[in-house]
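**Student:**
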Amino acid sequence: MTLASLVTYLLSLAAWNDALNYCETTPSDFGTHVVRAVLQPHAQRLRQSYEWQLALAQSLFDAIDSVEETDVNMRDLFMGYNGFAP
1 MTLASLVTYL LSLAAWNDAL NYCETTPSDF GTHVVRAVLQ PHAQRLRQSY EWQLALAQSL
61 FDAIDSVEET DVNMRDLFMG YNGFAP
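The sequence shown begins at 1 in this note's numbering and counts up by one.
1. In this structure, does DSSP put MET74 in helix, strand or coil?
2. For the region 18–71, list the beta strand (DSSP E) runs that are entirely contained and at least 3 residues long, ordered along the chain.
3. Measuring only the C-alpha atoms, how far is VAL34 from TYR22?
4. What do you reckon, are the CB atoms on LEU39 and ALA14 nearer than 8 Å?
5. Can you give the Cα-Cα distance for HIS42 and SER49, rounded to whole angstroms?
6. Using the Cα positions of THR25 and SER12, report the straight-line distance between them to the nearest angstrom.
7. Beta-carbon of THR26 versus every beta-carbon of chain C: anything under 8 Å?
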């Protein structure tokens with residue numbers, strides 16, 4: 001996820017939250033119920049569409065950390081053997 005898409009995501013969530021907060025603080029009438037019924041499913045889908053991307057990114061970072069740890073462990077194993085390590 002790029003920084004621009006993250007910012008867009010956060011701004012869109014803020015806009016959804018502002019609209020939902022408006023509906024919750026406005027006296028109950030027919031209009032707010034309709035708007036809330038439309039906005040809540042869209043906000044949920046919006047969050048879900050980015051949650052899998054964030055989970056994927058976290059998994060990739062975890063894999064990178066694991067590979068780096070394995071690399072360091074292998075380097076440390078070969079450090080005692082002349083000619084095998086830098």
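All C-beta atoms in this analysis are idealised placements derived from N, C-alpha and C, irrespective of residue type, glycine included. Since this is a predicted model, take the numbers as computed values, not measurements.
**Tutor:** Judging by the given coordinates:
1. helix
2. none
3. 13 Å
4. no
5. 10 Å
6. 20 Å
7. Of the protein chains in this structure there is only one, and it is not chain C.
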